[in-house]
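Just add 2 to wherever you are in the sequence shown, counting from 1, and you've got the numbering used here.
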Amino acid sequence: MNKTALITGATSGIGRATAHEFAKHGINLILCGRRQDRLDTIQKELSKQTNVHILNFDVRDKKAIFEAIESLPKDFKTIDILVNNAGNAHGMDPIQTGNMDDWDAMMDINVKGLLYVSKAIIPQMTERKSGHIINIGSSAGKEVYAKGNVYCGSKHAVLAITEGMRIDLNPFGIKVTAINPGLVETEFSQVRFKGDPVADNVYKGFKALQAEDIAEVIQFAISRPAHVNIADVLMFCTAQANSTIVNKKL
Ligand code: NDP
Ligand code: 8X3
Numbered sequence: 003m004n005k006t007a008l009i010t011g012a013t014s015g016i017g018r019a020t021a022h023e024f025a026k027h028g029i030n031l032i033l034c035g036r037r038q039d040r041l042d043t044i045q046k047e048l049s050k051q052t053n054v055h056i057l058n059f060d061v062r063d064k065k066a067i068f069e070a071i072e073s074l075p076k077d078f079k080t081i082d083i084l085v086n087n088a089g090n091a092h093g094m095d096p097i098q099t100g101n102m103d104d105w106d107a108m109m110d111i112n113v114k115g116l117l118y119v120s121k122a123i124i125p126q127m128t129e130r131k132s133g134h135i136i137n138i139g140s141s142a143g144k145e146v147y148a149k150g151n152v153y154c155g156s157k158h159a160v161l162a163i164t165e166g167m168r169i170d171l172n173p174f175g176i177k178v179t180a181i182n183p184g185l186v187e188t189e190f191s192q193v194r195f196k197g198d199p200v201a202d203n204v205y206k207g208f209k210a211l212q213a214e215d216i217a218e219v220i221q222f223a224i225s226r227p228a229h230v231n232i233a234d235v236l237m238f239c240t241a242q243a244n245s246t247i248v249n250k251k252l
């Protein structure tokens, strides 16, 4: 029987590319996000390849998450793969002038949102003693860079939580994978810089990772044999050596 995957943040970037990749492999999809028009569009597109159900909720809203998961039709109730991808950076400021609303957004979405969605889904995985959780962290979860303070903190937390999940879910045979990309050309910088033209320069002068590159690695991770878990992947484009060294030809 085909597996079912729930992907948060499926309306854009890495989440959307992962939905397309999974659809190619006939995986049933539960696609989540807040932008209904985009959810409708992706459902229309991917329904040609697989079964698609869409859920509209904000990952900050615990009640909405649990109601949405509860509302799933019978054919989508068993979730084999959870991709915790929803998240963003909000702002890029030194700690002394950081915006507290940005801090709240990053901690509430990237960290607490991931926890809430996981909490809504893990019990069915422990009950069945099977499942695979993929958490999208970041190179920013392994290395702190200037003005990255709270975003890096949120992604360090994602990595710690991922490792904690792997330990606690070990007795249940549940796989837990961290995918930690460096610079990926998505809407990420538009969100981070709130539409400021500086966002247009982030991926200039080099070939950044594309969302599809991450999606292929996620597909690789979920298609390994039962005894193999890809625990932690750090991915950079060739031009990037670490968070601060990028070989740009401008
Ligand atoms: P995008 O901005 O392209 O996509 C972000 C996705 O998250 C959108 O689908 C958005 O959907 C969803 N999202 C954001 N906030 C919420 C919320 N409050 N509730 C529900 N969904 C939300 O960025 P990326 O694809 O690049 O980012 C995806 C993940 O990858 C993030 O966790 C990011 O931190 C991580 N990452 C990104 C890198 C990059 O360089 N791009 C590198 C390393 C990691 P909607 O607005 O419809 O709700
Ligand atoms: C996104 C990668 O380097 O912009 O997580 O923080 S970076």
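Note that CB positions come from ideal geometry on N, CA and C, so glycine has one too.
None of these values were measured; they are calculated from a predicted model.
- request: Please name the residue, chosen from Gly35, Asp104 and Asp60, that lies closest to Gly150 on a Cα-to-Cα basis.
  value: Restricting attention to Gly35, Asp104 and Asp60, the CA atom closest to the CA of Gly150 is found in Asp104.
* Gly15, enclosing alpha helix (DSSP H) - first and last residue -> Secondary structure note for Gly15: its alpha helix (DSSP H) is the uninterrupted segment Gly15 to Lys26.
Original post:
What number of angstroms, rounded off, separates the C-alpha of Gly89 from the C-alpha of Val230?
Top reply: 27 Å
Quick one, what's near the ligand 8X3 if you take every residue whose CB is closer than 5 Å to any heavy atom, in chain order? Ser140 and Ala142
Indicate whether Asn137 and Ala180 have their beta-carbon atoms separated by less than 8 Å. yes
ask   = Going by the C-beta, is Glu189 closer than 7 Å to any heavy atom of the ligand NDP?
value = yes
(message) I want to know whether the region 22-31 touches the region 50-62 - three or more CB-CB distances under 8 Å.
(response) yes
Please report how far the alpha carbon of Leu41 lies from the alpha carbon of Asn4, in whole angstroms.
22 Å
On the CB-based measure, 16 or more other CB atoms within 10 Å of its CB, does Arg194 come out buried or exposed? buried
Simplified DSSP state of Ala160, which is helix, strand or coil: It should be pointed out that residue 160 corresponds to Val in this sequence rather than to Ala. In the structure shown, Val160 sits in a helix (DSSP, three-state: H, G or I).
Cβ contact (3+ pairs, closer than 8 Å) linking the region 233-242 and the region 197-215 | yes
* C-beta atoms of Leu33 and Ala19 nearer than 8 Å -> no
DSSP state of Pro183 mapped onto helix, strand, coil: In the structure shown, Pro183 sits in a strand (DSSP, three-state: E or B).
Checklist line | Range of the contiguous alpha helix (DSSP H) that encloses Ala213 | finding: Ala213 to Ile224
Legend entry - Span of the alpha helix (DSSP H), counted from its first residue to its last, around Val230: First-last for Val230: undefined, no H or E at that position.
* Asked: To the nearest whole angstrom, what separates the beta carbons of Leu84 and Ser120, a pair I think is in contact under 8 Å?
  -> 7 Å
Q.
Beta-carbon within less than 8 Å of Gly139's beta-carbon, same chain only, minus the 5 sequence neighbours each way: which residues are those?
A. Excluding residues up to 5 positions away in sequence, Lys157, Val160, Leu161, Thr164, Ala180, Ile181 and Asn182 lie with their Cβ nearer than 8 Å to the Cβ of Gly139 in the same chain.
### Task
Rank Ala7, Gln221 and Ile169 by C-alpha distance to the C-alpha of Lys79 and give the top, closest one.
The residue with the shortest Cα to Cα distance from Lys79 is Ala7.
| query | Quick one: what's got a C-beta closer than 6 Å to Asn249's C-beta in the same chain, skipping five residues either side? | reply | Ala241
| query | Between Asp60 and the ligand NDP, is the CB less than 7 Å from at least one heavy atom? | reply | Inclusion of Asp60 in the 7 Å shell around the ligand NDP follows from its C-beta lying nearer than that to a non-hydrogen atom of the ligand.
Leaving aside the five residues before and after Met108 along the sequence, list all residues of the same chain whose C-beta is less than 7 Å from its C-beta, in chain order. For Met108, where only same-chain residues beyond five positions count, the Cβ hits under 7 Å are Ala91, His92, Val152, Tyr153 and Ser156.
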